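Below is one structure, written out as structure tokens; comments come after it.
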Amino acid sequence: MKIASFNINGIKARLPALTDWLSEAAPDVALLQEIKSVDENFPREPFEDMGYAVETHGQKSFNGVAILSKLPIEDVTRGLPGDADDEQARWIEATVMGDKAIRVCGLYLPNGNPVPGPKYDYKLDWMQRMHARAAELLTAEEPALMAGDYNIIPQDEDAKNPEAWHEDALALPASRAAYRRIVNLGYTDAFRARTQAPGQYTFWDYQAGARNRNHGIRIDHFLLTPQAADLLTDCQIDSDIRDREKPSDHVPIWVRLSA
DNA sequence: ATGACAATCAGAGATTGA
36 MKIASFNING IKARLPALTD WLSEAAPDVA LLQEIKSVDE NFPREPFEDM GYAVETHGQK
96 SFNGVAILSK LPIEDVTRGL PGDADDEQAR WIEATVMGDK AIRVCGLYLP NGNPVPGPKY
156 DYKLDWMQRM HARAAELLTA EEPALMAGDY NIIPQDEDAK NPEAWHEDAL ALPASRAAYR
216 RIVNLGYTDA FRARTQAPGQ YTFWDYQAGA RNRNHGIRID HFLLTPQAAD LLTDCQIDSD
276 IRDREKPSDH VPIWVRLSA
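Every number in my numbering is 35 more than the matching position in the first sequence, counting from 1.
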């Protein structure tokens, strides 16, 4: 089973780029972030024509997550538990049925800038709620994963110019600590389970020639439960996508599981 | 020191992103 995550930065703007990549990469499941669309306006047909079931959790203008699945999909839930007043669409879960059932969580973790301020407070609060859901997910002792745009640079080797990010919400000690607390519950970073190579990024800013200078950061991650990590056979970043026509500023990352 | 780039909503330019 191949499961991908891709922050597309707007479904309307990314339709050709996304369908082209889906045709080539052919993931069984794709977790999308920043669809920037309400559910009613999400263009379902192109994906359904490709054989994908479409499950969205959108909002107007900003955020929004979705799951595309060629496999049977069950028990879809929307929203990160823990705050009934949170109206931002950043979390969606479902169970996809391959040879084994996998619980997948697609997430768009808040950016948090500027620091300090309410947006950073929201980020840390959101991560505390995610920690609770991550802990709960482990108790099932089943294959499950949490994937998406974490807006976290885990370590300095995950940025071309780490010092440029040290005061940023993506890399501040409190941000990294909150991320580590989640990982330390017992999750495996799928990408780092496969390689320790530096210079592997999932985001390059549109500005200042960041892509040409490889001024990137690794902020899109797959965290696996122990039972999912046991099934991991591959994890790669499709960085070439970034050089195509009208690209997202993120590129896809994917895992292959024996499931 | 600033803007650079892109998307959205709206129908100009502010807001958001990372």
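For every residue, glycine included, the Cβ atom is placed at its ideal position computed from N, Cα and C.
None of the values given here were measured: they were computed from a predicted structure.
Problem - Sequence ranges, alpha helix (DSSP H) only - wholly within the region 54-108, length at least 4 - result: 80-84
Problem - Per-residue DSSP class, three states only, for E171 - result: helix
Practice task
Entirely within the region 121-189 and at least 4 residues each: give me those alpha helix (DSSP H) ranges in chain order.
Solution key: 153-174
Handout entry: A39 - DSSP class collapsed to helix/strand/coil
Key = strand
Problem - Straight-line Cα distance separating D224 from A170 - result: 16 Å
Problem - Three-state secondary structure (DSSP) of L50 - result: helix
Problem - As assigned by DSSP and simplified to three states, the class of R229 - result: helix
Exercise for the section: Counting only the same chain and skipping the five closest in sequence on each side, list residues whose C-beta sits under 8 Å from that of L115. Expected result: D121, R125, W126, L142, W161, R164, M165, R168
Problem - Residues sharing a beta bridge with G251, DSSP - result: W239
Practice task
Put D203 into one of helix, strand or coil per three-state DSSP.
Solution key: coil
Practice task
Just tell me which of Q235, I70, G152, I38 has its CA closest to the CA of Q190.
Solution key: Q235
Handout entry: Three-state class that DSSP yields for A245 in the structure shown
Key = coil
Exercise for the section: Go to R291, then tell me how far its beta strand (DSSP E) extends in each direction, as first and last residue. Expected result: 288-292
Practice task
Can you have a look at D295 and say buried or exposed, based on whether 16 or more other CB atoms are within 10 angstroms of its CB?
Solution key: The question about residue 295 has no answer here: the residues shown for the chain are numbered 36 through 294.
Practice task
Could you say if the region 258-271 and the region 188-203 meet the contact criterion of at least three C-beta pairs nearer than 8 Å?
Solution key: no
Problem - Three-way DSSP call (helix, strand, coil) for R216 in this model - result: helix
Problem - Nearest-angstrom beta carbon gap, A48 and A65 [assumed within contact, 8 Å] - result: In fact, because the Cβ distance is near 17 Å, the residues do not count as touching under 8 Å.
Exercise for the section: For A194, name the three-state secondary structure that DSSP assigns. Expected result: strand
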